[in-house]
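Going by the working numbering, the letters in the sequence shown line up with residues 1326 to 1591, in that order. No residue lacks a Cβ here, since even glycine has one placed at the ideal position from N, Cα and C.
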Amino acid sequence: MNHLLRGLAPISDAAWTALDDEARERLSPPLAARKLVDFSGPHGWEHSATNLGRTAPLGEAPCTGVSGLRRRVLPLVEVRAEFELALSELRDADRGASDPDLAPLDKAAHQIAVAENIAVFHGWPGALAGISEVSPHEPIPLGPVPDEYPRPVAAAVQRLLQHGVSGSYALALGGEQYTRVVETAEHGGYPLLEHLRKILEGPIVWAPGVRGAIVLSLRGGDFLFESGQDLSLGYTSHDADVVRMYLEESFSFHVATPEAAVTLSA
């Protein structure tokens, strides 16, 4: 039995499979960050830190004639979203019900995906630095009108090229901005989404939690998401009516090349 304690839950193997499938389906669309950066892992729950390949000096050595350095690492963070499910719904699923009420799981999946996006793109104070907060480029305003989005996106690509950052490039769009883009056709009826894809020569992703948008290079080696335990369902406790569960993951995020992304402010 591992730390998720799934074996203690009053949940059948079939119900666990259904819950895992539901979580996977709900997590896939909003997990934007890991679609655009380098992904390493999962390395397991015991994995605690990312090697930065750097050292820091130590003030003094245990004795004369020797010196020492401290290895620098980036600790992983643990993220958890808790929820409750009605035992009656799980029992109905065991009986073959195709529509069990798993709304609390769906909400938790969206919340933890948003948390991951915010951490990667904007940072987590005291835990890790995000792409937008370490980028040396001055943010470029998106503007209020979607028809004008191609200009700042092209300006961001141009800025990356000027700094020697090759493409292709991707665009992570916050929820409101993504809706505007997919609903907009430019003069002549050409979809704005396709126009932006041509500028980027890369994907455009829905990134709930992102403020505005971020253009980043997909050449590789600039951003590393290191997964310890990938997103998993665990068990806490239960009573006669509900079972208390959670979604959990551990990860670190390291920006190796801050100049490889440009923020487009809302």
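Look at the alpha carbon of P1477 and the alpha carbon of W1449, and state the distance between them as a whole number of angstroms.
26 angstroms
Using a threshold of 7 angstroms, state whether the C-beta atoms of P1464 and T1588 are closer than that.
yes
Going by DSSP, what residue range makes up the beta strand (DSSP E) through H1579?
1567-1580
So the beta strand (DSSP E) G1492 belongs to, where does it begin and stop?
No beta strand (DSSP E) holds G1492; DSSP gives it neither H nor E.
Please confirm if the region 1490-1497 is in contact with the region 1531-1551, defined as three or more CB-CB distances below 8 angstroms between the two stretches.
yes
Are at least three pairs of beta-carbons, each pair with one atom in the region 1568-1583 and one in the region 1550-1560, less than 8 angstroms apart?
yes
Under the three-state DSSP convention, the category L1399 falls into
strand
Starting from E1473 and walking both ways along the alpha helix (DSSP H), at which residues does that stretch end?
First-last for E1473: undefined, no H or E at that position.
If you compare alpha carbons, which of G1546, L1521, Y1503 is closest to A1277?
Examination of residue 1277 is not possible in this model, given that the chain is present from 1326 through 1591 alone.
By Cβ distance, which residues of its chain are closer than 6 angstroms to S1575, with the 5 residues on each side in sequence left out?
Sequence-distant Cβ neighbours of S1575 in its own chain, meaning closer than 6 angstroms and more than five residues away, are L1401, E1403, G1553, Q1554.
Burial state of L1344 (16 or more Cβ within 10 Å):
buried
Pull the bridge partners of P1583 from the DSSP assignment, please.
Per DSSP, none; premise fails for P1583.
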